[in-house]
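Report on the following structure.
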Amino acid sequence: MYRCEKSSKCISKQRLLDGIPDCPFDDDETFNQSCSLNDIRQRFRCSNDNNEKCFASLVIQDGKKDCKYGEDESNKKQQMIEKHIYFQAICDGITELLPVLIDGKNETDETQCHYWPCNNTYSRCDQFWSCKDGADEVNCPSSTCPELYHECVFPNDTSKVSCLPITKVNNGVYDCLGGTDERRRFADKIYRDQKIFFKLHNIPTYPSQLTTDNTSMTSSIKIKTDSIQDNPIIKASVFQKWSCNRGMPIRLRMGDNTSMLSCLCPPSYYGDQCQYQNQRVSLTLGIRVTSDWRSVLIVIITLIDDERNAESHDHIQYLPIRDCDSKFNTYLLYSTRPKNSSKNYSVQIDAFNQLTMNYRASWIFPLRFPFLPVHRLSILLKVPFSNVESIHNCWPPCVH
Numbered sequence: 000m001y002r003c004e005k006s007s008k009c010i011s012k013q014r015l016l017d018g019i020p021d022c023p024f025d026d027d028e029t030f031n032q033s034c035s036l037n038d039i040r041q042r043f044r045c046s047n048d049n050n051e052k053c054f055a056s057l058v059i060q061d062g063k064k065d066c067k068y069g070e071d072e073s074n075k076k077q078q079m080i081e082k083h084i085y086f087q088a089i090c091d092g093i094t095e096l097l098p099v100l101i102d103g104k105n106e107t108d109e110t111q112c113h114y115w116p117c118n119n120t121y122s123r124c125d126q127f128w129s130c131k132d133g134a135d136e137v138n139c140p141s142s143t144c145p146e147l148y149h150e151c152v153f154p155n156d157t158s159k160v161s162c163l164p165i166t167k168v169n170n171g172v173y174d175c176l177g178g179t180d181e182r183r184r185f186a187d188k189i190y191r192d193q194k195i196f197f198k199l200h201n202i203p204t205y206p207s208q209l210t211t212d213n214t215s216m217t218s219s220i221k222i223k224t225d226s227i228q229d230n231p232i233i234k235a236s237v238f239q240k241w242s243c244n245r246g247m248p249i250r251l252r253m254g255d256n257t258s259m260l261s262c263l264c265p266p267s268y269y270g271d272q273c274q275y276q277n278q279r280v281s282l283t284l285g286i287r288v289t290s291d292w293r294s295v296l297i298v299i300i301t302l303i304d305d306e307r308n309a310e311s312h313d314h315i316q317y318l319p320i321r322d323c324d325s326k327f328n329t330y331l332l333y334s335t336r337p338k339n340s341s342k343n344y345s346v347q348i349d350a351f352n353q354l355t356m357n358y359r360a361s362w363i364f365p366l367r368f369p370f371l372p373v374h375r376l377s378i379l380l381k382v383p384f385s386n387v388e389s390i391h392n393c394w395p396p397c398v399h
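Read in order, the letters of the sequence shown correspond to residues 0 to 399 in numbering that gives the first Met the number 0.
Printed below as a string of C-alpha cells:
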C-alpha cells in the first residue's frame, strides 16, 4: 500500500501514476520510484527519460502525452518506425528517431548534419528543399528552367513562369511573387505535411505565427471588372456530338484529300460508334503504408482466370508522401468478347519496391458473381509493416 503525503489515506500501489489523482495533494501522480514497484511488468517505461517513470497501463494511448517524447501515445508500429529508419532518411529535414542521450547531448537522425551533403540521391527532386538554396530541386525533369535556376513568378509579370538564378535564393531579397524564393518550410513527422509561409506586402519578414487582433480589424476590398469580348460561336451538328456515344469523335484525313469521322472509345465501350459495352472489372484502389513512406512502390494489377492466365494488367507507381490521399481508378478487360463464362476470374495485386525490386506483398480478390457483365471493386490496400532488420524471432520456427 502507498500512504498519501500529509494524509492518513492509503491506496494500492497499482494506482500510482495511473493518470488519476487519488491523494489530496496528487503525490500519487508524481511518485518518482515507480520503476521499482513489484508490478513493473504491467507498467510502461518511458524511453530516454532521466526521471525513470513507469506509468500504469491506463495512461497508454489515452490522448495525453505523459512521457517526455510521447512514446505512451505511439503504437508499436509507430515506435518501430521511430527506432529503425532507412539510410536515406538521415539528415532529410524531418526528425524520425527519438532523441538518444549521447555524451550529454540529445542526438537524433537530424543532428550533426553539417557533415552531410543536402543534395544527394535521396533528396533529389522530391519537391522538398533539403538545401537552403534549393540546389536539390533544380534541373529536375519537371522543371522548365535551365540548370541552376528555380521557377519564379515575378511580381511585375504574373502572366508567365520565369526563372531565377539559384544565387538569388534566400538572399533576403524577395524576387518572386509570394516570396517563394525566400521560403521557410516545416514538415510534420511521418506524413510530411508542408506548411509554407509567404511574404505579405505589408509585413517585411516571414511571420513566425499569424495572429488576429479581434479588437481592431480593418479590411480593404477592391473590385475590378473586366469586359468580356464576344467571340463567334462555332456550332457543331447534333449528329457529331453524339455519334460516338461515350467516346470522342475525331476526323481522320485520308490519302485522297478526303476525311472520315471515327471514334475514340473509352475502355468501357467498343464498336465503330462505341455502342457496345465491354465486359470488364472497374477497380478503385486506395493504398496505405505503415513504413517506407519515402520509397516508391510499384503495384501490379492483373486480371487472371482460374488457370492463372493473365487476361489484362495495369500498374501504379505509388509514392506515399505524395499519393497517400489519392485514389486510383483502372479498367481490367477480358481477353475475349464475350468472356469465357465457364472460367472463374480473380484480381491479383502485387507490390514491389521500385528501387530494390524487393517483394512487399500480394493480394487476390475473387470475382464472386461470374454472370455480371461488370464487376466493380473498391479496395483499400494496407501494405504490411516492413522492418529494417529482423527484430522479433517467431517461435516455433517454420518447418516448411
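In this text, a Cβ means the ideal position worked out from N, Cα and C, and glycines have one as well.
Buried or exposed (CB count within 10 angstroms, at least 16 for buried), residue i
i: D271; result: exposed
i: Q290; result: Note that residue 290 is Ser in the sequence shown here, rather than Gln. Classification of S290: buried, given that the 10 Å Cβ count is 16 or more.
i: N277; result: buried
i: D255; result: exposed
i: G246; result: buried
i: E306; result: exposed
i: I363; result: exposed
i: R279; result: buried
i: L331; result: buried
i: Y275; result: exposed
i: T257; result: exposed
i: I101; result: exposed
i: K338; result: buried
i: E388; result: Model confidence at E388 stands at a pLDDT of 43, short of 50, so the residue's coordinates are unreliable and nothing is read from them.
i: E106; result: exposed
i: D156; result: exposed
i: H312; result: exposed
i: C45; result: buried
i: L302; result: buried
i: V382; result: buried
i: E146; result: exposed
i: L371; result: exposed
i: A309; result: exposed
i: I42; result: It is Arg, not Ile, that sits at residue 42 in the sequence shown. Per the 10 Å Cβ criterion, buried.
Endpoints, alpha helix (DSSP H) assigned at residue i
i: I286; result: Element bounds for I286: not the alpha helix (DSSP H) but the beta strand (DSSP E), 279 to 288.
i: R321; result: 319 to 322
Check whether residue i and residue j have beta carbons under 9 Å apart
i: Q353; j: V288; result: no
i: S345; j: P365; result: yes
i: S379; j: S281; result: The question names Ser, but residue 379 is Leu in the sequence shown. In this structure, S281 does not lie closer than 9 Å to L379 by Cβ.
i: S267; j: I249; result: no
i: D322; j: I299; result: no
i: Y121; j: F86; result: yes
i: N37; j: K67; result: no
i: H149; j: V172; result: no
i: W292; j: I320; result: yes
i: S161; j: V152; result: yes
i: D135; j: C112; result: no
i: F351; j: Y358; result: yes
i: S35; j: L16; result: no
i: K64; j: E72; result: yes
i: L284; j: T329; result: yes
Beta strand (DSSP E) segment containing residue i, residue limits
i: I303; result: 296 to 304
i: N170; result: It is not in any beta strand (DSSP E) - N170 carries neither H nor E in the DSSP assignment.
i: Q347; result: 344 to 352
i: A400; result: Residue 400 lies beyond the range of the chain shown here (0 to 399); nothing can be said about it.
i: S361; result: 358 to 365
i: R307; result: Premise fails: R307 is in no beta strand (DSSP E) and is neither H nor E.
i: I249; result: 247 to 252
i: K63; result: Run containing K63: none; DSSP gives neither H nor E here.
i: E106; result: 104 to 106
i: D174; result: Segment: none, D174 is in no beta strand (DSSP E) and carries neither H nor E.
i: K381; result: 373 to 382
i: L96; result: Segment: none, L96 is in no beta strand (DSSP E) and carries neither H nor E.
i: F327; result: 327 to 332
Rounded straight-line distance, which links the Cα of residue j to that of residue i
i: C139; j: D26; result: 59 Å
i: P23; j: C53; result: 21 Å
i: Q60; j: E70; result: 9 Å
i: Y124; j: V137; result: What sits at residue 124 in the sequence shown is Cys, not Tyr. When rounded, the distance between both Cα atoms is 7 Å.
i: R252; j: L263; result: 15 Å
i: S158; j: D174; result: 15 Å
i: A325; j: Y317; result: According to the sequence displayed, residue 325 carries Ser and not Ala. About 9 Å.
i: D180; j: V58; result: 45 Å
i: C144; j: C273; result: 42 Å
i: Q347; j: P265; result: 23 Å
i: F127; j: D21; result: 49 Å
i: S334; j: H374; result: 15 Å
i: R14; j: M0; result: 10 Å
i: G103; j: I165; result: 39 Å
i: C163; j: G178; result: Rather than Cys, the amino acid found at residue 163 in this sequence is Leu. When rounded, the distance between both Cα atoms is 12 Å.
i: D192; j: T29; result: Any reading at D192 must be qualified, since the residue scores a pLDDT of 40, below 50, and its modelled position is unreliable; no value is offered.
i: I89; j: C243; result: 55 Å
| For the segment 8 to 48, which segments carrying the beta strand (DSSP E) assignment without a break, of at least 3 residues, lie completely within its bounds, in sequence order? | If we require 3 residues or more, the beta strand (DSSP E) runs fully inside the segment 8 to 48 come out as 42 to 44.
| said: In chain order, what are the residue ranges of uninterrupted beta strand (DSSP E) at least 3 long that sit wholly in the segment 136 to 166? | reply: If only complete runs of 3 or more residues are kept, the segment 136 to 166 shows the beta strand (DSSP E) at 148 to 153, 156 to 164, in order along the chain.
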